[in-house]
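Numbering (our numbering), first residue to last: 610 to 1069.
Note that CB positions come from ideal geometry on N, CA and C, so glycine has one too.
Notes follow once the structure below has been shown.
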Ligand SMILES: *Cc1c(COP(=O)(O)O)cnc(C)c1O
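Dropping the structure here:
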């Protein structure tokens, strides 16, 4: 079985450079046939794997070098190998006592991350989650517990501060954590799309004067829209002065901290009470791997530790945490190996250099696209996201410019060599290159820029 699966995977990985960047409208796909229920009798492995291979081809290709949309997920192969091993071992890692040595491998990665981001040794801690959204939910619940306690009236008075560029998962987490939409406060941003710390401070003070209980301030280390880093030192100061939990969303950008430029841009991140990272984005791993780091691991235990009679035989491993006590999950897959193996196999420098390459590629694309007279690039990239849009002919009305931008996006994606997505900034459609895949190198960026030039030239 492993051999047949490995052949499929090898063909897939080798085909990635030439695979279409998007193939979702492939003709002749019979979804009804694929929806069929499992049969009573056994099937044939080779036939079933062929079905999987064909089904996988009907997709956008996030693992390929041309994926510049949303936030790419490369699916580093060494991580997939680790995953096969971990799934086959199927060790239970919710409580350290069940597999202390394997939990130590996972915990080693988390402690390294805490140290890398300057969180205090000893008291800090973390948890590998399925993604940034679950990490964010875990952080919001821990902060709610620490600042508002379990009393419904106190929870109802809590207020949380974010900006229009904060990822949707924060509002979603607040909703799941039982907060009402009117408890979310939208802090204005400055023209460079960064949250305005002075405005945040004023809103917090005004809410407090009205008897509300401000408890959570979000800064983003690399927004999904534009890769912009919020002013973290100033936000940390506001949170400290006003007694709020300071949360940093680094799901897209945080891991650029491994590079010198990223570290410089993210000064202040060490003040976070909680920090979300997404190894399935910026460590290039397969989907399903997020991380939450917290300044004080006791806050997670306080929010999530639960006892039950059927757990009475579970022992303690003094020096290792029980992950089941740090988040909402009891049973979890043994997530550590898919992060541990790539880091130990390739070494941290390989990741640092790959992330540096993405910063270089984005900078290069920005400089190139700025030379196209029909385009405007109002915001310089902080990290690896480049945003651009049509200037529009002189005196063109907004609808015309909007149509030109949509047309540009369609022409770019019709090449199937790159796949690009758009967002809205200042109420206008704005295209973006998000360079994150470990498989994207200069040749594909040069091609992407040429594709944009050609698409602009082809537009009437
Ligand atoms: C992707 C992203 C998230 C959500 O993470 P998931 O892993 O998709 O759940 C949160 N914040 C930012 C800034 C992101 O880019």
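Remark: the shortest separation between the CB of residue 833 and any heavy atom of ligand 1 falls under 6 angstroms.
Taking one beta carbon from each stretch, the region 941 to 959 and the region 690 to 702 have 3 or more pairs nearer than 8 angstroms; the two touch.
C-alpha of residue 858 to C-alpha of residue 933: approximately 23 angstroms in a straight line.
Judged by DSSP secondary structure, residue 1010 falls within the alpha helix (DSSP H) whose first and last residues are 1007 to 1023. Across the structure, residue 771 and residue 890 are spaced so that their CA atoms are roughly 22 angstroms apart.
Judged by DSSP secondary structure, residue 721 falls within the alpha helix (DSSP H) whose first and last residues are 709 to 725.
Here residue 675 is buried, its C-beta having at least 16 other C-beta atoms within 10 Å. Following the DSSP letters along the chain, one finds residue 813 inside the alpha helix (DSSP H) bounded by residues 806 to 818. Here residue 685 is not near residue 865, since their CB atoms are 7 angstroms or more apart.
Note on geometry: alpha-carbon atoms of residue 723 and residue 629 lie some 39 angstroms from one another. Secondary structure of residue 636 (DSSP, three-state): coil. Taking C-alpha positions only, residue 727 is separated from residue 881 by approximately 9 angstroms. DSSP, read as helix, strand or coil, puts residue 942 in coil.
Per DSSP, residue 1034 is one residue of the beta strand (DSSP E) stretching across 1030 to 1034. By the CB criterion at 7 angstroms, residue 767 and residue 822 fall inside the cutoff.
If only complete runs of 3 or more residues are kept, the region 881 to 945 shows the beta strand (DSSP E) at 883 to 886 and 899 to 903, in order along the chain. For residue 788, the secondary structure class from DSSP, reduced to helix, strand or coil, is coil.
Taking C-beta separations shorter than 8 angstroms and ignoring five residues to either side along the sequence, the partners of residue 820 in its chain run 766, following chain order.
Taking 7 angstroms as the cut-off, the Cβ atoms of residue 677 and residue 1061 do not count as close. In the structure shown, the three-state DSSP call for residue 745 is helix. In the structure shown, residue 872 adopts helical secondary structure according to DSSP, grouped into three states.
Here residue 661 is exposed: its Cβ has fewer than 16 other Cβ atoms, across all protein chains shown, within 10 Å.
Taking C-beta atoms under 8 angstroms as the contact rule, residue 1016 and residue 1068 qualify, at a distance of about 6 angstroms. Beta-bridge annotation (DSSP): residue 858 is paired with 829 and 885. In the DSSP annotation of this structure, the continuous segment of the beta strand (DSSP E) that includes residue 795 starts and ends at 793 to 795. The C-beta of residue 980 has fewer than 16 other C-beta atoms within 10 Å across all chains shown, which makes the residue exposed. Less than 7 angstroms divides the Cβ of residue 936 from the Cβ of residue 736. A contact is defined here as three or more CB-CB pairs under 8 angstroms, and the region 844 to 861 meets this definition with respect to the region 803 to 817.
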